[in-house]
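Adding 137 to a residue's 1-based position in the sequence shown gives its number in this note's numbering. For each residue, glycine too, the CB sits at the ideal point set by N, CA and C. Just below is one structure, and these are the notes that go with it.
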Amino acid sequence: RMVLRWRLLAFICLPVVFCAPRRHTSFIRPAPRLASRWMRQQSARRAAPDGLFPEVSSTTTLGTGASAPSAEEILDSTDALLDSSVLPVSSPTPRDVLSPDTITIAPPKKIALLVEPTPFTYISGYANRFKELLKHCRRQKDTVEIVTPDDSTNPPKEAYGFRIHNTWSFRLPFYKSLALSTDFPDFKGLRVLKRLKPDLLHVSTPGFLAMTACLYARLLKIPLVMSYHTHLPVYAAKYLGWLPGIVWLSWLALRLFHNLADLTLVTSPQIKSELESHGIQKVDVWQKGIDTETFNPTKRSAAMRSRLSDGHPDDPLLVYIGRLGAEKNLHLLRDVLERVPEARLAFVGAGPCEDELREYFNGTKTVFTGFMTGEALSEAFASGDIFVMPSESETLGFVVLESMASGVPVIGARAGGIPNLIRHGETGFLVQSDDVQQYVDRVRELLSDDALRRRMGEAARREAEQWSWEASMAKLRNIQYPRAILNFRRRMRGGFARLRSRLRLIRIFAVASAVWALRWLTSPFALPAPPLTPAAAATSPSSSDQPTQRERRDVVAFWTV
138 RMVLRWRLLA
148 FICLPVVFCA
158 PRRHTSFIRP
168 APRLASRWMR
178 QQSARRAAPD
188 GLFPEVSSTT
198 TLGTGASAPS
208 AEEILDSTDA
218 LLDSSVLPVS
228 SPTPRDVLSP
238 DTITIAPPKK
248 IALLVEPTPF
258 TYISGYANRF
268 KELLKHCRRQ
278 KDTVEIVTPD
288 DSTNPPKEAY
298 GFRIHNTWSF
308 RLPFYKSLAL
318 STDFPDFKGL
328 RVLKRLKPDL
338 LHVSTPGFLA
348 MTACLYARLL
358 KIPLVMSYHT
368 HLPVYAAKYL
378 GWLPGIVWLS
388 WLALRLFHNL
398 ADLTLVTSPQ
408 IKSELESHGI
418 QKVDVWQKGI
428 DTETFNPTKR
438 SAAMRSRLSD
448 GHPDDPLLVY
458 IGRLGAEKNL
468 HLLRDVLERV
478 PEARLAFVGA
488 GPCEDELREY
498 FNGTKTVFTG
508 FMTGEALSEA
518 FASGDIFVMP
528 SESETLGFVV
538 LESMASGVPV
548 IGARAGGIPN
558 LIRHGETGFL
568 VQSDDVQQYV
578 DRVRELLSDD
588 ALRRRMGEAA
598 RREAEQWSWE
608 ASMAKLRNIQ
618 YPRAILNFRR
628 RMRGGFARLR
638 SRLRLIRIFA
648 VASAVWALRW
658 LTSPFALPAP
668 PLTPAAAATS
678 PSSSDQPTQR
688 ERRDVVAFWT
698 V
């Protein structure tokens, strides 16, 4: 019965241990592992610069009489370091001697970028981030290769000295301006990763190529960074709102998908909080940046203002610059024009809804200039009186930053990442995205007070000057990328540790079952003794010479131990 009880207990406990989360199986971890981790922590403290660990000096050693902290203190201190905004970056340490247990991680030297849609021919604000990243990597002499879908007539083969691999692409029927890819059937991304063997894989999300990249990162064991640039729930509600539960399904997909990454980068603290509230872990903010030389109040041009105002440069001028899409909520601006009849509106940009918007704004004081780049774009930003941004889907809103750098106050929707850029009443105004009257009131307030408009423009310029691309990209490469690599190493090491712990538990149960089986087989009551014949009974020793049942059990217990 005892053997059966132990075996039954083993069959019940083993599945529980295998299926339980790690925090419920910490009792399996032996004490020497904690001591080893404590010594590794001390080594990290000695290697770290002074002040990184304020509670312990950087010269702390395990001397005589030093008491090791508890397991909870070790885990708390380590997690606090990982969650901090600053991680030490090793400069003299060679990359080939870095062990997975070290806290200091060198920046990656070989980076693979899988970007969808392409940042080189597709019109979108997020493209500037990747272009600035490539410029920074070129200055650091990194090796970067880009995989992106591009079915344009003459797609570029190189950008800033780095090779571009254009993979096969397709277009969605309800969003035909967007070239997407799954990396099938040419597997160009997989071939690049196997040949390059990158230190880190950076993908843009959401998208089909990012899902394939996640599979590649798992198969090839590469640290994975996802940067979130398109607020999927808002886009899904705009384009697929007729499907029931589409917003809930979007959040479910984002949670399942982004929790596979070693680090998720977002463009504003508001988006970070929103993603974390929906269960997405390991999220950090990719710091904003702006080219304050290209976008400057000195770029204001009378000729460009005349073009944007359709030959009426003295009229008040509202400007929107960006992609013309349904998610931008641009239809609202017609109601604003009707209530502020003296104002004019200029749309600078292109997009899938351009023809529809031209028809909708027909008969109003509106100009569509089409797509602009270079010096003309800088002049367009600086030549308006007010920049309007009614979009609800902006994860950051680069055009808002560019307008602020050009010295033009912004009226923006209180949604997405825009509130992170505009200080209400100082550099611009924030309004409810669907409240036309609030837009009208703020437009009239700025147009009627030249001093207020000029003061807000100057404050917006000072705000934009605080952010540079160089600082943003240096933080990404030297702090956030190493943090993703550290998360990857912890994940890999944690998986092996759980496997070893569970195999150890299987061994314990197997030995226990074997011991109890041995005791059962060697115990006196295992098999009934055959009856003695009279002759054998006469020659057998007396009962006092035979070991008792208690003695036999003691011997078996001794050998068992």
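### Separation of T367 from A264, as counted between CA atoms
12 Å
### Message
Rounded to the nearest angstrom, what separates E563 and K294 at their Cα positions?
### Response
44 Å
### Task
Alpha carbon to alpha carbon, how far is S306 from V403? Give it in angstroms, no decimals.
25 Å
### Task
Mark W606 as exposed unless 16 or more other C-beta atoms lie within 10 angstroms of its C-beta, in which case mark it buried.
buried
#### Entry: Limits of the unbroken alpha helix (DSSP H) element including L270
A264 to R276
### Query
Quick one: Cα of S207 to Cα of N624, how far?
In this prediction, S207 has a pLDDT of 45, which is less than 50 and means its spatial position is unreliable; what the coordinates show is noted afterwards. Between S207 and N624, the C-alpha separation is close to 23 Å.
#### Entry: Residue closest to L415, alpha-carbon to alpha-carbon, out of R392, R308, G521 and P556
With the sequence shown as reference, residue 415 is identified as His, and Leu is not the correct amino acid for it. Taking only the C-alpha atoms, the option nearest H415 is R392.
### Which of helix, strand or coil DSSP assigns to K436
helix
### Which of helix, strand or coil DSSP assigns to H339
strand
### Task
Buried or exposed for K436, please, with buried defined as at least 16 other CB atoms from any protein chain shown within 10 angstroms of its CB.
buried
### Task
Closer than 6 Å by C-beta to S289: which residues in its own chain qualify, once you throw out the five before and the five after it? Chain order, please.
T258
### Query
Just how far apart, CA to CA, sit L445 and Y457?
11 Å
### Message
Closest to L389 by C-alpha separation, out of A513, L412, V545 and I408, would be which residue?
### Response
L412
### Query
Based on the DSSP secondary-structure assignment, which residues constitute the bridge partners of G554?
Answer by DSSP bridge pairing: none, since G554 is not bridged.
### Query
Assuming V329 contacts T285 under a Cβ cut-off of 8 Å, what Cβ separation, rounded to an integer in Å, is found between them?
With 8 Å as the limit, V329 and T285 do not qualify as a contact, their Cβ atoms being about 11 Å apart.
### Query
With burial defined as no fewer than 16 other Cβ atoms inside 10 Å of the residue's Cβ, what is the status of E430: buried or exposed?
exposed
### Query
Under three-state DSSP, which class holds A296?
strand
### Query
Run through DSSP, which three-state label would T367 get?
coil
### Same chain only: Cβ atoms within 7 Å of D472, ignoring 5 sequence neighbours per side
V573
#### Entry: Reduced DSSP category for S410 - H, G, I as helix; E, B as strand; rest coil
helix
### Query
Would you report the Cα separation of V504 and G462, rounded to the nearest angstrom?
17 Å
### Query
What's the gap between the Cα of N396 and the Cα of I359?
15 Å
### Message
Which of the three DSSP states is assigned to I643 in this structure?
### Response
helix
### Task
Spatial neighbours of P450 within its chain, please: CB distance less than 8 Å, with the 5 preceding and 5 following residues excluded, ordered by chain position.
A439, R442 and S443
### Query
Is P254 helix, strand or coil when you go by DSSP?
coil
### Limits of the alpha helix (DSSP H) - the one that A347 falls within
F345 to L357
#### Entry: Proximity of A601 and I408 at Cβ, strictly below 8 Å
no
### Residue environment, D571, which counts as buried when at least 16 other CB atoms sit within 10 Å
exposed
### Task
Spell out a yes or no on whether the region 544 to 553 and the region 483 to 499 are touching, meaning 3 or more CB-CB pairs, one atom from each, closer than 8 Å.
no
### Task
Identify the continuous beta strand (DSSP E) that holds G565 and give its terminal residues.
G565 to V568
### Task
Name the one or two DSSP bridge partners that T401 has.
M363 and V420
### Task
State the Cα-Cα distance for the pair T255 and G488, rounded to the nearest angstrom.
15 Å
### Query
Tell me the DSSP bridge mates of M526?
G549
### Query
Between the Cα of G133 and the Cα atoms of F394, L567 and A517, which residue gives the shortest distance?
A query on residue 133 cannot be resolved here, the shown segment of the chain reaching from 138 to 698 and no further.
### Query
If you draw a straight line from the alpha carbon of L640 to that of A647, how long is it in whole angstroms?
10 Å
### Task
Check V477 in the structure and name its three-state DSSP category.
coil
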